[in-house]
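Have a look at the structure below before the remarks.
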Amino acid sequence: MYEDVLYYAVDYGLSQGAVYVEARYHRHEGSEVVVRNGAVVGAGMMSKEGIGVRVVYGGALVFSSTTDLTREGVRKAVDKALSLARSSKPLVKWVHTLSEERVGRSKYEVLVKEDFEDVHLEDKVKVLVGVWDELPKVLREAKLTSLFEEYIEVVEEKTLVSSDGAHVESKTPRVFYWANMVLAHPQRGTLQRFIELGGSGGYEVFRSWRIRDYLEEEARNIEPVLLKGVEPPREPVDVVVGSEVVGLIVHESAGHPMEADRIWGREAAQAGESYVKPEMIGRGRIGNQNATVIDDPTIPGSYGFYLYDDEGVPARPRYIYYKGIINEPLHNRWSAAVFGTNSNAAARAMDFASEPLVRMANTYLEPGDRTFEELIEDVELGIYVKSYMEWNIDDIRWGQRYVGLESYMIRRGELAEPVLYPALEFTTKSFYSSIAAKGKELRFYAATCGKGEPAQGVPVWAGGPDVRLSRMLVGVAPK
Amino acid sequence: MKEFVLELAKQSVERGVGLGFDDVVAKVVSNEKSMVKVANSQLTVAQSWRAVNLELYLTKDRKIVLVEAPVKGKEDVERVYSRIGDYIKSVSESEMYAPLPEPSGRPLEGLVDPKIIDSMYRSPELIAEVVSAAHGEGAEKAAGTLTLDVERKALATSTGAEFYEEGTSIEVYLRAFYKDSTGHWAYGSRILDMGALKEVGRRAAYYARLVTNVVDVPPRRYDVVLSPLVVGNLIELVASAASAFAVLAGFSMFMKFERGDVVASERFSLIDDPLQKSLPGSTGFDDEGVATSTKPIIKEGRFENLLHNSKTAAVMKTESTGNAGLIMPHPWNVVIPAGDFSEEEMIRDIKDGLLINNNWYTRLQNYVEGIFSTVTRDAVYRVSNGEVVGVVRRLRIADTLTNLLKNVVGLSKSVYDIRWWEVGTPSKVPYVLVRNVNITKPTV
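Have a look at this one:
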């Protein structure tokens with residue numbers, strides 16, 4: 001769409017002395033429904049549409065965007081970019097370039113089984129509202145004091161053209177659902193659980209989640225944690241980490257520190273730097289043979305799905321850590337030029353008003369060969385952390401903390417009583433060096449990953465198998 | 001531009017009323033914005049944005065629909081309404097519906113600093129001064145951003161509001177590097193004050209270089225001085241939890257408290273102050289056209305006010321506080337009144353503690369209980385018997401918000417205008433001295 005305007009922007013930028021121009025038409029059309037305690041709060045329709053232009057001029061990299069989709073509108077956007085580039089001269093100490101790539105000329109679309117528009121809004125509302133009907137009844141002693149749900153469907157369309165020949169058109173529908181549950185008990189206080197589900201595709205993806213069953217199972221499982229959860233043991237114990245937590249860990253401690261722009265320092269004042277230094281790439285050891293982490297944008301149905309990135313580079317799986325070695329950072333064409341290598345198609349922009357940054361797509365720990373029973377069968381005393389609420393990691397992606405929500409003691413190879421708020425606090429190296437065994441079932445979890453200034457949230461999946469770690473000290477969150 | 005956005009807002013309301021909607025609110029906002037980002041003391045990207053967006057609130061038979069879309073003119077308003085079509089008929093009645101209130105807003109004047117408009121495409125030159133100030137103070141390299149914004153906002157409602165406000169803002173933050181240490185500072189205001197900008201560079205470098213010998217500390221409870229950056233980040237959580245919508249949706253520590261309950265030290269007050277004109281959140285009317293006002297959320301340790309729009313007020317049987325958000329009320333500017341400590345006195349008061357310059361990645365285990373942790377970044381200094389004796393590498397505050405608030409024992413005389421990547425709500429806050437804060441770090 002708007003091809004003539006996009007090509008005009010490229011030609012005009014080049015005519016003004018730019019050495020590279022990229023113009024991206026980017027549109028999001030979506031709607032949402034918000035429900036609280038089984039009653040609709042409201043519905044919304046969202047439209048974002050505009051053109052983002054990125055230019056290399058006078059050694060500076062500049063970006064400008066506009067909602068004015070006329071030739072005049074994009075000409076003004078290019079002029080403003082050039083004006084910023086000119087006044088940037090005192091700070092340009094080396095010339096920004098982009099890596100040479102074989103960029104795509106392609107068109108692709110995520111096909112749906114059930115178009116969002118073909119399902120009546122009333123039917124969608126009925127599903128959301130219906131969760132409240134049965135959910136309080138699955139609780140025995142605790143009360144469900146709050147259930148907040150949001151359903152979001154979005155169709156993202158892009159046309160990207162660049163002065164070095166890229167022309168990529170894409171259409172990706174996505175659906176996202178999240179809920180917040182608060183369980184309360186007069187003596188035991190409250191327990192809170194967030195649930196996020198996301199994928200690319202049509203309404204059939206939402207149906208497949210069976211959210212009513214999903215939430216009922218969650219509520220049934222976490223109630224005993226509130227009612228009977230004990231403190232974790234004070235001595236070091238074996239820890240089994242569920243796939244939900246593993247997905248988060250690899251996202252935070254493999255994906256983020258392996259973003260090449262962070263390694264260089266581009267995000268130093270925002271999301272921070274990386275423990276990874278350029279000389280570690282391809283050589284440094286971060287874990288044992290079990291530590292293979294992959295980021296793959298091409299997984300069908302994934303929330304982070306794409307086939308070409310926002311610089312026109314064809315996507316492929318990236319082996320971030322390979323058998324414990326710091327292997328392949330994520331690159332866009334800017335960071336690839338800095339590091340003297342090629343892009344591996346990690347450039348993503350949240351919307352038309354966002355510059356393409358180095359981003360993850362679908363990041364996961366390679367699964368192993370154990371069943372869950374095999375993972376825990378020889379654990380004499382340990383804990384199993386299945387899900388989490390609180391987490392964070394430092395700005396070089398080294399020291400991190402995950403506080404368990406649904407968690408259990410493991411006694412003599414079997415799951416035992418629930419544990420309240422076990423806190424795992426370890427370093428990146430200690431986690432990847434402690435992977436003693438991995439489950440064979442790979443599961444993915446949806447999230448919105450934030451980065452950049454202005455902050456850009458992009459859809460991702462994070463996943464992995466259940467994992468058994470060797471002994472570690474487990475803390476407890478303050479109450 | 002004033003006539004353009006105001007006219008679009010009025011036309012949007014007229015069209016909605018004509019189509020038979022019961023309540024219509026149209027907010028049209030035009031933003032012109034530029035930002036420059038540096039890392040390793042050099043430019044990484046310069047950006048500019050220009051956008052005009054329409055936010056439309058429509059109700060029919062107690063059903064609520066919100067629409068957001070970019071607009072260039074009247075034809076786009078028509079396009080938006082044509083998309084709505086029968087959509088609203090399929091929406092269920094809202095449990096939070098309340099009729100729009102009568103307009104009482106009073107647009108604020110004096111929110112524009114012409115220097116910001118004039119400098120819109122010279123932001124690289126401005127941040128060069130900030131970086132230079134950091135180098136002048138001894139920093140080896142620096143990273144940060146500077147953002148300039150001019151916003152023109154028009155609001156029209158079917159109850160007769162026709163308001164317009166124009167305001168500028170600047171946000172700058174810098175992280176200074178010295179050897180293996182870093183320091184950070186930030187500034188957010190409606191005023192381009194070169195002195196304040198250079199102070200960002202100087203303070204960031206000061207914290208990077210205060211002392212350089214690294215010391216280790218065991219995880220346990222310490223007395224801590226939190227800088228305004230940390231205070232801004234944590235208190236934004238508390239102020240957001242005061243949104244009545246957060247209470248209704250299960251996201252608030254105030255779910256457990258009644259008005260008048262003690263939630264903090266008596267030395268501590270927290271104010272939502274939309275009339276503080278120097279802060280970028282200042283405004284004279286909310287998204288429903290109601291007049292904004294300055295109000296305490298916490299007054300001398302006691303929980304005083306939730307933040308309401310007409311809908312949450314109706315659910316909780318009270319009055320709007322002028323904090324709409326068409327669905328979610330929110331704070332405009334967060335202000336913590338100054339105390340009587342100098343910053344040096346705060347350090348001298350600590351026998352066994354820490355001075356924390358900055359934090360990030362604050363996450364909650366439980367919003368209702370306020371159980372959270374946050375990671376320190378940049379300078380953390382070990383303070384022993386009133387002296388800064390070494391720098392400590394990355395720790396974590398893991399505590400509850402109420403513990404933190406109740407253990408406040410001192411606030412600095414100076415307050416700072418803070419806004420940066422981790423402090424989204426404009427804040428005017430002091431340094432805060434807190435006793436017995438739980439500190440953790442990796443055990444393996």
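Order-wise, the sequence lines are chains A and B. In terms of the numbering used here, the first sequence opens at residue 1 and continues consecutively. In terms of the numbering used here, the second sequence opens at residue 1 and continues consecutively. Positions of the beta carbon are idealized from the N, C-alpha and C atoms, including for glycine.
Check	Outcome
Cβ pair A/Arg359, A/Lys451 closer than 8 Å	yes
Whole-angstrom C-beta distance between B/Gln276 and A/Val92, which should lie under 8 Å	Their Cβ separation, rounded to whole angstroms, is 38 Å, which puts A/Val92 and B/Gln276 out of contact at 8 Å.
Beta-carbon neighbours of A/Pro186, restricted to chain B and to distances below 7 Å	Those do not exist, as A/Pro186 stays about 12 Å from chain B at its closest Cβ, beyond 7 Å.
Closest Cα partner of A/Ile325 within the set A/Pro367, A/Met280, A/Val5 and A/Ser200	A/Met280
Alpha carbon of A/Glu366 to alpha carbon of A/Arg285, nearest angstrom	17 Å
Cα-Cα separation between A/Thr427 and B/Asp223, rounded to whole angstroms	26 Å
Same chain only: Cβ atoms within 7 Å of B/Val290, ignoring 5 sequence neighbours per side	Pro101, Ser104, Gly105, Ser320, Gly322 and Ala324
Three-way DSSP call (helix, strand, coil) for B/Arg220 in this model	coil
Coarse secondary structure for A/Tyr303, derived from DSSP in three states	coil
Length-filtered (4 minimum) alpha helix (DSSP H) runs lying within the stretch 91-176 of chain B	114-118 and 123-136
In chain order, each beta strand (DSSP E) run of at least 3 residues that lies wholly inside the stretch 94-181 of chain A	105-109 and 143-162
Min CB distance B/Asp399 to chain A below 8 Å	yes
A/Trp503: contacting residues in chain B (beta-carbon distance under 8 Å)	For chain A, the structure presents residues 1 to 479; residue 503 of chain A sits outside this window and is missing.
Exposed unless 16 or more other CB atoms sit within 10 angstroms - verdict on B/Gly20	exposed
Separation of A/Leu424 from A/Ser407, as counted between CA atoms	12 Å
Identity of the residue in B/Lys10, B/Val71, B/Val200 and B/Lys441 nearest B/Trp185 by Cα	B/Val200
Paired residues, beta bridge with A/Asp295 - DSSP	A/Arg318 and A/Thr363
Backbone CA spacing between A/Tyr445 and A/Gly52 [nearest angstrom]	30 Å
Any chain B beta carbon closer than 8 Å to A/Thr292	no
DSSP bridge partner residues for A/Gln192 (one or two, in chain order)	A/Val182
C-alpha gap between A/Glu231 and A/Glu141, whole angstroms	20 Å
Chain A residues whose Cβ lies nearer than 9 Å to that of B/Glu93	Ala39 and Val40
Contact set between the stretch 74-95 of chain A and chain B, restricted to residues whose Cβ is under 9 Å from the partner	Lys76, Ala77, Lys80, Ala81, Ser83, Leu84, Ala85, Arg86, Ser87, Ser88, Lys89, Pro90, Leu91, Val92, Lys93 and Trp94
Member of A/Arg105, A/Gln187, A/Thr448 and A/Tyr421 whose CA lies at the smallest distance from the CA of B/Asn366	A/Tyr421
For A/Trp209, the first and last residue of its enclosing alpha helix (DSSP H)	Tyr203 to Trp209
Segments assigned beta strand (DSSP E), at least 3 residues, entirely inside the stretch 214-276 of chain A	237-241
Own chain, CB closer than 6 Å to A/Lys48, minus 5 neighbours either side, in chain order	His28 and Asp351
8 Å Cβ cutoff, B/Ile439 in contact with chain E	The chain inventory of the structure shown lacks chain E, comprising the protein chains A and B.
Under 7 Å from the C-beta of B/Val368: neighbouring residues of chain A	Val182, Thr190 and Gln192
Element boundaries [beta strand (DSSP E), containing B/Asp23]	Asp23 to Ala39
Beta carbon of A/Leu121 nearer than 8 Å to that of B/Val91	yes
Member of B/Phe268, B/Trp420 and B/Asp286 whose CA lies at the smallest distance from the CA of B/Lys27	B/Asp286
Interface flag, B/Glu125 vs chain A, CB-CB below 8 Å	yes
Chain A contact residues for B/Val52, given Cβ-Cβ distances below 7 Å	Thr67
Any chain B beta carbon closer than 8 Å to A/Leu307	no
Nearest-angstrom Cα separation, counted from A/Arg86 out to A/Pro454	22 Å
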